[in-house]
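This report concerns only the one structure given below.
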Amino acid sequence: MPPDDLLLHCCHNPECPQHGRRGAGNLTVCGHYGKNHHRLLDCKACKARFSEFKGTPYFNAKLPHDKVLGVLDHLDDGCGTRQTARLVGVGKDTVTRLALLAGRHAKATHDEVVAFPPSDPRGPVR
Ligand SMILES: [Zn+2]
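Those letters in the sequence shown? Residues 258 to 383, by our numbering.
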């Protein structure tokens with residue numbers, strides 16, 4: 258059984274029949290990378306491999322993940338930017354940036370498509 262949180266991920270290969278579908282059971286963890294041992298996901302449907310953080314607010318964030326989670330938790334609870342920054346111990350700019358990323362992510366979740374094409378004027382989420 259894959260870990261439950263794999264259900265939150267989906268394949269990022271636009272050519273893939275499972276592209277953008279979460280919880281389709283097509284993803285497996287095929288390895289780890291980086292000093293934090295981030296997982297590398299493998300799509301059984303198309304054999305594509307990508308980082309578990311691609312298309313999520315975690316990806317490329319320079320913060321420790323528990324801080325990212327803390328920020329998102331507080332925002333979810335309805336805390337304002339300033340309050341969240343103070344409670345988690347990060348800068349207001351960081352909270353704003355993560356909120357934007359998370360908003361993007363939330364919208365993408367709604368649309369069931371995470372990866373933005375490079376032609377998207379908002380820029381790709383890397
Ligand atoms: Zn795929």
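Yeah, the Cβ is synthetic: ideal placement off N, Cα and C, and Gly gets one too. Please read these numbers as outputs of a predicted model, since none were measured by experiment.
{"query": "To the nearest angstrom, how far is the alpha carbon of residue 310 from that of residue 290?", "result": "12 Å"}
{"query": "Tell me, please, which residues DSSP counts as bridged to residue 286.", "result": "298"}
{"query": "Would you mind sorting residue 286 into buried or exposed? The rule is 16 or more other CB atoms within 10 Å of its CB.", "result": "exposed"}
{"query": "Could you check the C-alpha separation between residue 331 and residue 265 for me, to the nearest Å?", "result": "20 Å"}
{"query": "Give a single yes or no on whether residue 281 has its beta carbon closer than 7 Å to a heavy atom of ligand 1.", "result": "no"}
{"query": "Is residue 334 helix, strand or coil by DSSP?", "result": "coil"}
{"query": "Is residue 298 buried or exposed, if buried means 16 or more other CB atoms sit within 10 Å of its CB?", "result": "buried"}
{"query": "Among residues of its own chain, excluding the 5 on either side of residue 320, which ones have a beta-carbon nearer than 7 Å to its beta-carbon?", "result": "347, 351"}
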